[in-house]
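Novice:
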Amino acid sequence: MKVLIQRVRKASVTVEGQTIGAIDQGLLALVGVEKGDSDAAVEKMLHKLLHYRIFSDAEGKMNLNLQQIDGGLLLVSQFTLAAETHKGLRPGFSSAAPPAEGERLFNGLVTRAQSAWPKVAIGQFGADMQVALVNDGPVTFLLES
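Going by this note's numbering, the final residue of the sequence shown carries number 1534, and the count climbs one at a time with no gaps.
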């Protein structure tokens, strides 16, 4: 599982002109599910998302996590993170989980996140989404399970 996180001042996801998820300060998490990912990988990733210390403390150091700043978490499925880009000029997707398994694991992440944290918003799996954000920093990290 690969999750690209961006520290944001605000972020939203729109499908067919309707905003379906939005947060203020927090994390935008673009989630790519790969073949071989498991429920254990989902648990590990959720722990990282809630506890990864990328928010500034009073001295300006990255010492605070999402929960400590009472931030929002916007989860957006993005299978293109599982792309193979080592060779050629066109990405391959044979390492991405099949759609049904990707959706199951993404939905598992959403369900666990919503149970663990009250400020969770989501995109729509498999939809053509438009994501808007104001990146804070910019601060961006690729997390892998």
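All C-beta atoms in this analysis are idealised placements derived from N, C-alpha and C, irrespective of residue type, glycine included.
1. Where Arg1493 and Arg1501 are concerned, what is the direct C-alpha to C-alpha distance, given to the nearest angstrom?
2. Could you give the first and the last residue of the continuous beta strand (DSSP E) run that contains Lys1399?
3. Determine the direct distance from the alpha carbon of Ser1484 to that of Ser1427, and round the result to whole angstroms.
4. Would you kindly work out how many angstroms separate the C-alpha atoms of Glu1490 and Ala1429, rounded to a whole number?
5. Can you give me the Cβ contacts of Gln1467 inside the same chain, cut-off strictly under 8 Å, excluding the 5 residues immediately before and after it?
6. Looking at the secondary structure, which residues open and close the alpha helix (DSSP H) in which Pro1527 lies?
7. Just to confirm, are Phe1444 and Gly1425 a CB contact at a threshold of 9 Å?
8. Residues in its own chain within less than 6 Å of Thr1529 by CB, not counting five upstream and five downstream?
9. To the nearest angstrom, report how far apart Ala1521 and Gln1513 are at their CA atoms.
10. Quick check: the Cα distance between Ala1510 and His1475, rounded to an integer number of angstroms?
11. Could you tell me whether the Cβ atoms of Val1397 and Ile1409 are closer together than 9 Å?
Specialist: From the atom records:
1. As a first step, residue 1493 must be located in the sequence shown, where it is residue number 104. As a first step, residue 1501 must be located in the sequence shown, where it is residue number 112. The straight-line gap from Cα to Cα measures roughly 12 Å.
2. Counted from its first residue, the sequence shown places residue 1399 at position 10. That run of the beta strand (DSSP E) goes Lys1391 to Val1404.
3. Start at 1 with the first residue of the sequence shown, and residue 1427 comes out as number 38. Start at 1 with the first residue of the sequence shown, and residue 1484 comes out as number 95. Near 14 Å, if we compare the C-alpha coordinates of Ser1484 and Ser1427.
4. By one-based count along the sequence shown, residue 1490 stands at place 101. By one-based count along the sequence shown, residue 1429 stands at place 40. If you take the alpha carbons of Glu1490 and Ala1429, they lie about 14 Å apart.
5. Position 78 of the sequence shown, counting from 1, holds the residue named residue 1467. Setting aside the 5 residues that flank it on each side, Gln1467 is surrounded in the same chain by Leu1393, Leu1419, Val1420 and Gly1421, each with a C-beta closer than 8 Å to its C-beta; the list follows chain order.
6. Position 138 of the sequence shown, counted from the start, is the residue given in the question as residue 1527. Element bounds for Pro1527: not the alpha helix (DSSP H) but the beta strand (DSSP E), Met1518 to Glu1533.
7. Working through the sequence shown from its first residue, we reach residue 1444 at position 55. Working through the sequence shown from its first residue, we reach residue 1425 at position 36. Their beta carbons are not under 9 Å apart, which means Phe1444 does not touch Gly1425 by this criterion.
8. If you number the sequence shown from 1, residue 1529 lands on position 140. Closer than 6 Å at the Cβ level, and outside the excluded window around Thr1529, lie Gln1395.
9. By one-based count along the sequence shown, residue 1521 stands at place 132. By one-based count along the sequence shown, residue 1513 stands at place 124. Each residue's alpha carbon lies about 15 Å from the other.
10. Mapped onto the sequence shown, residue 1510 falls at position 121. Mapped onto the sequence shown, residue 1475 falls at position 86. Rounded to the nearest angstrom, the two C-alpha atoms are 33 Å apart.
11. In the sequence shown, counting from the first residue as 1, residue 1397 sits at position 8. In the sequence shown, counting from the first residue as 1, residue 1409 sits at position 20. No, these two residues do not count as a Cβ contact at 9 Å.
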